[in-house]
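Following this note's numbering, the numbering of the sequence shown begins with 31 at its first residue and continues without gaps.
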Amino acid sequence: MRCTTRTHLYASRSLTMNDYNATLREKYLEAFNQEIREEITGLTEGQFIEKYESEKTWSIGPFSLRGDLTFSKLSQMPDPTQIGWTSSSIFNPSIIEHDGKIFLFYRAAVKKESLGSRIGLAVFTPGVGWQESANNPVIYPTQDNEILSVEDPKVYRYGADKFIMFYNGAWSASPAQIAEYEKPYGDIAVDINYALSSDLVHWEKMGLAVPYSTSKLWAKGAVIPRDGQGNATKINGEYLMFISEGCGGTQVLGRSENMLDWRFEPCTYLPLPAEMGTHIYEVACAVVDGDNLILDFMYNSHTNEHLGAQVRYSFDDVSKPIEFTSNATLAWGGMIKYQGKWLFAQGWDAPAGSEEIYFYNA
């Protein structure tokens with residue numbers, strides 16, 4: 031189903047623009063005092079990429095830091111809502127190459143892993159370096175279901191000059207909505223929204239990608255198989271969307287012929303072997319590499335430690351894992367082939383008080 035299009039600011043809003051911005055300001059200030067679990071804020075990229083099983087030749091890696099591509103955000107982006115918004119941490123980026131340039135979309139947060147986030151863009155041009163987009167923030171809260179945050183972009187090419195960004199929008203669900211959709215985990219709701227672009231700079235919001243009947247008011251991560259050029263790749267004639275976090279605790283597989291109209295069904299495509307741990311935390315990305323489909327994901331161990339892994343599938347059956355490895359990147363926004371090598375980005379390891387994204391290649 032195609033969800034209702036909402037392209038005009040405040041067009042479907044129950045709040046006036048002034049009330050909306052007042053609520054934005056209130057929630058922005060609350061984000062400064064938001065309690066974030068240390069096991070999340072303490073994650074480092076090294077703890078995942080340093081574990082590499084070389085005998086698993088199908089896996090992607092090993093990865094090492096590529097220092098010449100480091101992006102440093104040195105100034106605050108404009109605040110079109112005029113609430114005094116600023117960021118102190120950037121992370122969970124998505125990268126794609128276009129016209130010989132690297133486009134870096136990143137989550138800019140009030141503090142690491144807090145709500146109150148926006149999505150920014152920086153562009154790397156060989157011989158020039160990084161330049162921040164004059165259109166920043168390219169995505170910021172304008173709709174009811176984004177009033178707490180917009181987060182974690184995932185960008186895909188799906189045709190000539192056709193790009194789609196899936197991102198999370200956070201909002202507060204009412205008791206009636208919680209009851210209607212049998213939502214677990216409290217009153218904060220998280221939607222998977224999407225936006226379209228022809229140039230990666232200007233984006234038109236289109237609304238929900240995953241309906242509430244599927245998400246149960248909480249779904250994260252529109253993970254779609256992508257090749258090394260950033261193209262969403264059809265498997266057996268269809269685009270696939272792996273949703274691993276939310277949906278009432280059920281893994282969900284989406285199918286589409288055009289990247290816009292999706293149908294969803296429960297599918298345990300990633301059963302975690304008992305010897306590995308207790309449950310899947312979240313699938314980070316899906317990579318098409320030759321004849322393999324590889325999911326890179328985070329899971330919880332029996333000692334409640336966050337660990338990473340990759341798993342291989344055949345195109346013939348994406349519901350049955352073939353083989354697991356402890357190799358992992360947790361590249362939430364996916365990876366690309368750049369100058370002949372796999373490349374991804376993350377900002378977890380930036381020192382406190384700095385906003386930097388680091389690149390890693392294999």
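Backbone N, C-alpha and C fix where the C-beta goes; we use that ideal spot for every residue, glycine too. Keep in mind the model is a prediction, meaning the values are calculated, not measured.
Q. Per DSSP, what kind of secondary structure is SER356 in: helix, strand or coil?
A. coil
Q: Ignoring anything shorter than 4 residues or poking outside the stretch 200 to 269, list the alpha helix (DSSP H) runs there in chain order.
A: 205 to 211 and 242 to 245
Q: Let me know the secondary structure DSSP gives LEU104 once reduced to three states.
A: coil
**Q.** Close Cβ partners of GLY150 (< 6 Å) along its chain, the five nearest in sequence each way excluded
**A.** MET107, TYR136, ALA138, ASN166 and PRO167
Q: Taking the CB atoms as reference points, tell me whether GLN173 and GLY199 lie closer together than 8 Å.
A: yes
Q. What separation, rounded to the nearest whole angstrom, lies between the Cα atoms of GLN207 and GLY91?
A. 44 Å
Q | SER227 versus GLU234: straight-line alpha-carbon distance, rounded | A | 7 Å
Q) Of the choices TYR368, ARG293 and SER331, whose alpha-carbon is the least far from that of GLU305? A) SER331
Q: Identify, in the order they occur along the chain, each residue of the same chain with its Cβ nearer than 7 Å to the Cβ of THR280, setting aside the five sequence neighbours on each side.
A: PRO296
Q. Straight-line CA distance for TYR215 to GLN369?
A. 43 Å
Q) By how many angstroms is the C-alpha of PHE154 removed from the C-alpha of ILE132? A) 5 Å
Q | Cβ contact (3+ pairs, closer than 8 Å) linking the stretch 49 to 64 and the stretch 319 to 330 | A | no
Q.
Using C-beta distances below 7 Å, list every residue in its chain close to ILE194, excluding the 5 sequence neighbours before and after it, in chain order.
A. TYR186, TYR188, TYR224, LEU226 and MET289
(Q) Taking contact to mean 3 or more Cβ pairs, one atom from each stretch, closer than 8 Å, check whether the stretch 254 to 267 and the stretch 312 to 320 are in contact. (A) yes
Q.
My output table needs one value for LEU373: the three-state DSSP class, helix, strand or coil.
A. strand
Q. Cα separation between LYS213 and LEU247?
A. 6 Å
(Q) I'd like the span of the beta strand (DSSP E) that includes ALA314, first residue to last. (A) 309 to 319
Q. Can you give the Cα-Cα distance for GLU386 and THR263, rounded to whole angstroms?
A. 30 Å
Q. Using DSSP with H/G/I as helix, E/B as strand and the rest coil, what is GLU85?
A. coil
Q. With 16 other CB atoms within 10 Å as the buried threshold, where does GLN259 fall?
A. exposed
Q.
My parser needs the beta strand (DSSP E) runs of 3 or more residues fully inside the stretch 104 to 188; what are they?
A. 119 to 128, 131 to 139, 148 to 155 and 159 to 162
Q. Who are the Cβ neighbours of THR355 in its own chain at under 6 Å, not counting the five residues just before and after it?
A. GLU83, LYS86, SER89 and GLN340
Q. When you compare each of TYR299, ILE265 and LYS103 to SER286 by their alpha carbons, which one comes out closest?
A. ILE265
Q | As assigned by DSSP and simplified to three states, the class of ARG55 | A | helix
Q: Please state if the CB of LEU300 and the CB of VAL282 are separated by a distance shorter than 8 Å.
A: no
Q) Taking DSSP as the reference, what is the three-state secondary structure of LEU99? A) helix
Q: Could you check the C-alpha separation between TRP378 and ALA361 for me, to the nearest Å?
A: 11 Å
Q: Indicate the three-state DSSP secondary structure (helix, strand or coil) for PRO381 in the structure shown.
A: coil
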